[in-house]
Amino acid sequence: EVLVASLENELKLKKLENSYLGQIGKATEPVFAPLGFDWKMTVALETGLAAKEVVVSTLGVLYAIGDEVDEENSTLQEKLRENIGFASAMAFIVFVMIYLPCLAASMVFAKEAGGYKYLVYLFVFTSVTAWILSFITYRVLV
């Protein structure tokens with residue numbers, strides 16, 4: 055039964071990996087590889103553009119396929135510990151805390167700032183800042 059569950063999880067992971075979102079994550083993985091992020095972490099960042107709380111649930115789905123996912127789930131915690139090193143985890147936290155706020159807040163910012171050109175500025179500035187600080191964090195901790 056354990057073997058069957060393991061094989062089912064592998065099949066689900068392959069399906070996710072070959073989905074559109076998985077392909078986008080694989081395509082953008084080289085940009086985030088210097089930060090210690092794999093394609094799953096990259097996908098979590100991309101889904102987090104809609105809302106930051108989605109980052110955690112995306113990691114839960116991608117790393118603990120087939121398990122009940124919540125913050126108290128010890129299996130999820132174990133899988134995250136097994137798959138994400140300390141330096142990568144710290145760099146990931148730094149990136150999530152700094153990059154673009156959720157889409158709704160970004161739209162409000164653009165409207166209040168006077169146009170969508172400011173949204174582009176916000177996206178570029180926060181993303182580049184997050185990448186640089188995450189890179190420094192990762193390199194210091196490796």
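With our numbering, the residue at position 32 of the sequence shown is 86, and numbering never jumps.
Note that beta-carbon positions come from the ideal geometry of N, C-alpha and C, so glycine has one too.
In this text, all values refer to a predicted model and were calculated from it rather than measured experimentally.
| said: Considering Cα atoms alone, identify which of Leu61, Leu57, Leu89, Ala59 is closest to Ser181. | reply: Of the candidates Leu61, Leu57, Leu89, Ala59, the one whose C-alpha sits nearest the C-alpha of Ser181 is Leu89.
| query | Helix, strand or coil: which one does DSSP assign to Pro84? | reply | Of the three classes helix, strand and coil, the one that applies to Pro84 here is helix, per DSSP.
| request: Drop a sphere of 10 angstroms on the beta-carbon of Arg86, count the other beta-carbons inside from all chains shown, and report buried for 16 or more, exposed for fewer. | output: Checking the sequence, you will find Phe at residue 86 rather than Arg. The residue is buried, with at least 16 neighbouring Cβ atoms inside 10 Å.
| task | Quick one: measure Cβ to Cβ for Val109 and Val150, integer angstroms, because I've assumed they're closer than 8 Å. | result | About 6 Å; that satisfies the 8 Å criterion.
| query | Within 10 angstroms of its Cβ, does Tyr74 collect 16 or more other Cβ (buried), or is it exposed? | reply | Classification for Tyr74: exposed.
| query | With a CB to CB cut of under 7 Å and the five nearest residues on each side skipped, what residues in its chain are close to Thr191? | reply | If the five residues before and after Thr191 are omitted, its C-beta is found closer than 7 Å to the C-beta atoms of Met144, Ala145, Val148, all from its own chain and listed in chain order.
| Which of helix, strand or coil DSSP assigns to Gly114 | DSSP places Gly114 in the helix class (H, G or I) of the three-state scheme.
| What do you reckon, are the CB atoms on Leu154 and Phe140 nearer than 8 Å? | Not a contact, by the Cβ cut-off of 8 Å.
| What residue does the alpha helix (DSSP H) around Val58 start on, and which one ends it? | For Val58, the uninterrupted alpha helix (DSSP H) segment begins and ends at 56-71.
| request: Can you grab the Cα-Cα spacing for the pair Ala81 / Glu64, in whole Å? | output: In a straight line, the C-alpha of Ala81 is about 21 Å away from that of Glu64.
| message | Relative to the C-alpha of Glu83, which candidate in Leu173, Cys156, Gly114, Trp185 has its C-alpha closest? | response | With distances taken between Cα atoms, Glu83 lies closest to Trp185.
| task | Report the three-state DSSP secondary structure of Val196 (helix, strand or coil). | result | Secondary structure of Val196 (DSSP, three-state): coil.
| Member of Ser188, Val174, Cys156 whose CA lies at the smallest distance from the CA of Ala105 | Checking every option, the nearest Cα to that of Ala105 belongs to Cys156.
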